[in-house]
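> Using the UniProt record's numbering, the first residue of the sequence shown is number 1, and each one after it goes up by one.
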Amino acid sequence: MVLQQNADVSIWGYGNRDEIIKIVGSWAPKDTIFAKADVLGKFSTKIRTSEFGGPYTLSIIGSRRIIYKNILLGEVWLCSGQSNMAMPLSGTENAKENIVKATNPRIRIFSVSTKGADTPQNNCDGVWNICSPDVAGRTSAVAYYFAEKLYMELKVPIGIIVSAVGGTPAEAWTPEEIVFSDSIISNNLCRELWNTRPSKPGVLYNWMIHPVIPYTISGCIWYQGESNYLHYQTYSQLLDKMVTSWRKRFNSEFPFYVVQIAPYQYYSTDNAPALLREQQELFTKHVKHTGLVTISDLVNDIGDIHPIRKKEVGVRLANWALGDHYCLPVKGYKTPILDNIFFRKGKAIVRFRDLEKLKATSFKELEIASWDGRFYDAEGCIKDNELILWSEKVRAPAYVRYCFNDDGEACLFNETDLPVAPFRTDSFKK
Numbered sequence: 001m002v003l004q005q006n007a008d009v010s011i012w013g014y015g016n017r018d019e020i021i022k023i024v025g026s027w028a029p030k031d032t033i034f035a036k037a038d039v040l041g042k043f044s045t046k047i048r049t050s051e052f053g054g055p056y057t058l059s060i061i062g063s064r065r066i067i068y069k070n071i072l073l074g075e076v077w078l079c080s081g082q083s084n085m086a087m088p089l090s091g092t093e094n095a096k097e098n099i100v101k102a103t104n105p106r107i108r109i110f111s112v113s114t115k116g117a118d119t120p121q122n123n124c125d126g127v128w129n130i131c132s133p134d135v136a137g138r139t140s141a142v143a144y145y146f147a148e149k150l151y152m153e154l155k156v157p158i159g160i161i162v163s164a165v166g167g168t169p170a171e172a173w174t175p176e177e178i179v180f181s182d183s184i185i186s187n188n189l190c191r192e193l194w195n196t197r198p199s200k201p202g203v204l205y206n207w208m209i210h211p212v213i214p215y216t217i218s219g220c221i222w223y224q225g226e227s228n229y230l231h232y233q234t235y236s237q238l239l240d241k242m243v244t245s246w247r248k249r250f251n252s253e254f255p256f257y258v259v260q261i262a263p264y265q266y267y268s269t270d271n272a273p274a275l276l277r278e279q280q281e282l283f284t285k286h287v288k289h290t291g292l293v294t295i296s297d298l299v300n301d302i303g304d305i306h307p308i309r310k311k312e313v314g315v316r317l318a319n320w321a322l323g324d325h326y327c328l329p330v331k332g333y334k335t336p337i338l339d340n341i342f343f344r345k346g347k348a349i350v351r352f353r354d355l356e357k358l359k360a361t362s363f364k365e366l367e368i369a370s371w372d373g374r375f376y377d378a379e380g381c382i383k384d385n386e387l388i389l390w391s392e393k394v395r396a397p398a399y400v401r402y403c404f405n406d407d408g409e410a411c412l413f414n415e416t417d418l419p420v421a422p423f424r425t426d427s428f429k430k
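(1) So who's on the other strand from lysine 383, going by DSSP bridges?
(2) Please name the residue, chosen from Ile109, Pro88 and Tyr215, that lies closest to asparagine 251 on a Cα-to-Cα basis.
(3) Are glycine 167 and arginine 138 close, meaning C-beta to C-beta below 8 Å?
(4) The alpha helix (DSSP H) with proline 273 in it runs from where to where?
(5) Less than 8 Å between the CB atoms is what I'm expecting for glycine 62 and isoleucine 21, so what's the real figure, rounded?
(6) Return the chain-ordered ranges of every beta strand (DSSP E) run that is complete within the region 30 to 79 and spans a minimum of 3 residues.
(7) What span of residues does the beta strand (DSSP E) with alanine 348 cover, start to end?
(8) Go ahead and pull the three-state DSSP assignment for glutamine 224.
(9) Using a Cβ-Cβ cutoff of less than 6 Å, which residues in the same chain neighbour tyrosine 399 once the five nearest sequence positions on both sides are dropped?
(10) Any beta-carbon of chain B closer than 8 Å to the one on glycine 219?
(11) Look at the alpha carbon of residue 448 and the alpha carbon of glutamate 386, and state the distance between them as a whole number of angstroms.
(12) For leucine 189 and histidine 231, which I take to be in contact (beta-carbon distance under 8 Å), what is that distance rounded to the nearest angstrom?
(13) Check whether the region 61 to 78 and the region 157 to 167 touch, using three or more Cβ-Cβ pairs below 8 Å as the test.
(14) Around the Cβ of isoleucine 23, are there at least 16 other Cβ atoms within 10 angstroms (buried) or fewer (exposed)?
(15) What span of residues does the beta strand (DSSP E) with proline 133 cover, start to end?
(16) Give the DSSP-derived three-state secondary structure of isoleucine 341 in the structure shown.
(17) Select from Asp8, Lys115, Ser10 and Ala37 the residue whose C-alpha is nearest the C-alpha of aspartate 18.
(18) Which residues does DSSP list as the beta-bridge partners of glutamine 4?
(19) Which of the three DSSP states, helix, strand or coil, is assigned to valine 142?
(20) Do the region 290 to 298 and the region 253 to 262 touch if we need at least three Cβ pairs shorter than 8 Å?
(21) Can you tell which of Tyr145, Trp77, Asp118 and Asn122 has the C-alpha that lies nearest to the C-alpha of isoleucine 99?
(22) Taking just the CA atoms, how far does arginine 64 sit from tyrosine 56?
(23) Does lysine 200 pass the burial test, meaning 16 or more other C-beta atoms within 10 Å, or should it be called exposed?
(24) For methionine 1, count the other beta carbons within 10 Å of its own beta carbon; 16 or more makes it buried, fewer makes it exposed. Which is it?
(25) Hey, which unbroken runs of the alpha helix (DSSP H) at 4 residues or more fall wholly within the region 87 to 123?
(26) Near leucine 358, which residues of its chain fall below 6 Å by C-beta distance, leaving aside the five closest residues on each side in sequence?
(27) Check whether the Cβ atoms of aspartate 407 and glutamine 265 lie closer than 8 Å to each other.
(28) State yes or no: is the C-beta of isoleucine 185 within less than 8 Å of the C-beta of threonine 114?
(29) So what does arginine 401 bridge to, in DSSP terms?
(30) Taking 8 Å as the threshold, find out whether the region 127 to 137 comes into contact with the region 41 to 61 through three or more Cβ pairs.
(31) Here's the rule: buried if 16 or more other CB atoms are within 10 angstroms of the residue's CB, otherwise exposed. What is tyrosine 223?
(32) Suppose the cutoff is 7 Å on Cβ atoms and the five residues either side in sequence are ignored; what does the same chain contact list for serine 111 look like?
(33) Serine 80 and alanine 164 - do their beta-carbons sit closer together than 8 Å?
(34) Compute the minimum distance between the beta carbon of cysteine 381 and the heavy atoms of the ligand ADP, and state whether it is under 7 Å.
Pasting the structure below:
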C-alpha cells in the first residue's frame, strides 16, 4: 500500500476486549504507538509517517502479530465519480501502447468493489495492487494518468483509491442524513434511477466511501454529473454538502478537483447539460480548495457520452494538484473563466480571469442577444486579450453565451491550450 507521507495516518482495527495494541512502522522503529481496544475490541489511533520512501513494514501486535510488508510512503488520492471516472484504461485512446508501458512499482492502486449498502459499512472488498500493465488496463484511466503525472513531477510514490460507479447521481455518494436534512435538495432528487442502479441517497457513500474513512489522503478528484443533469438546479448545493461531509469525516480540508461534463448530444430542450456545467463551476467558485477542469475540447464523437481521450483529463487534474496543492510553478493550469463583460458601440467586450493570453480557433460557439433574449451567432475578434463580439442582427447587445448548449466544443483557449469554461451572462431559463 501507500501511506500518506509526513502525516499522522490513521490505523484502526479489532483486537480482544481491553487489549493493548502495539503499532510500529519501520520508518521510525523507536516511535512505538500504543492503543487500547474498547469493550467491543475496536481500536483506532494515529502514527506519524516520515518523508517519502520505502518499502517499509507496519507491525500491529496484540494477542497476535500482523505485519504489513512492502509499504511505501508518498501521496494518496481518492478518485471518485461515475462512469467517466470508472472507465478503464483499456477502453481509451491509445490504450494498447500506454498499457504496455504501465509498469511502475511506486504507483499503487486500490479499487473499491462496486456495491451499495443501506447503512454505513466498516469494511469493503478490495486489495492494493502494484501498477503493472494488467492492473493498469482495468484501472480508471483518469486516475491512472493522474497518478502517472504526479509521479513524474513529484518523484514520490503515489497511491490512488478508486471508488467510482457508472450511471450514479451525486446524492448516492452523499450521506443519506445530509441529503434529507436539506429540503431543497431532497425535493429535487434523481428518483428515476433508484430502481435500476445503486443510486438512492447514501448507498454508495455507505459502501464505497465510509469504509475508506479515516484513511489519510492528500486530496480527491471527481468526475461525475451526467446522471444529475435533469436535476441540475441544486447540483452545486448538493456537491457542497457532499464535500463538506467528506472533509468532516476524513478530518481534513483536502483539495477537491472537479471535471466538467463533456459535450454530448443529450437532445435536451432546456439547456439542462449546460446548466449542470454552470452549477459545477458555481461549486468551485464558492467552496474553498476546489478547482475546475473543462474538457470541451477532448471529444472526438459528441454521440458518445464516454469520450476516449482520458489522458488529457488526468493530466489536467494532476496539473491542478501540482500547481494548487503542491505549489509547483505550473503554467496556465487553471481553467479560464468569465471575469466581466461590458458593451460599447454595439459590441460586447468580454474579459476572462486566469488567463495570460486568449486564443481562438473560431467563434462558432459564441452567441449574442439584445434585451429580448433572442440569441444569434456572433462574429468576433480578439484585441488586447479581450474578446470582442457583435452581430448585424443585434444592434444593442445585452447578453453573450459561449458553448452554452448540449454539445458545444471549445474554440477559445488560454496560452497552454486549456479551453475557456462555458458561460452565459443572462439568466433566462432556456
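Every residue gets a Cβ at the ideal spot worked out from N, C-alpha and C, and that includes glycine.
The short version:
(1) Glu386
(2) Tyr215
(3) no
(4) 272 to 286
(5) 5 Å
(6) 33 to 36, 42 to 48 and 53 to 61
(7) 347 to 353
(8) coil
(9) Ala369, Thr425 and Asp426
(10) The structure shown has no chain B; it contains just one protein chain.
(11) The chain is shown from 1 up to 430; residue 448 falls before or after that span and cannot be answered.
(12) That belief holds up - the Cβ atoms of leucine 189 and histidine 231 are roughly 7 Å apart, short of 8 Å.
(13) yes
(14) buried
(15) Unbroken run through proline 133 is the alpha helix (DSSP H), 133 to 137; no beta strand (DSSP E).
(16) strand
(17) Ala37
(18) Gly74
(19) helix
(20) yes
(21) Cα-wise, what sits closest to isoleucine 99 is Tyr145.
(22) Spanning the two alpha carbons is a distance of roughly 20 Å.
(23) buried
(24) buried
(25) 95 to 100
(26) In chain order, Ile382 and Asn385 place their CB closer than 6 Å to the CB of leucine 358, counting only its own chain and leaving out the 5 sequence neighbours on each side.
(27) yes
(28) no
(29) Glu367 and Arg424
(30) no
(31) buried
(32) Hits under 7 Å: Gly126, Thr139 and Val162.
(33) yes
(34) Absent from the structure shown: the ligand ADP. Ligands present: none.
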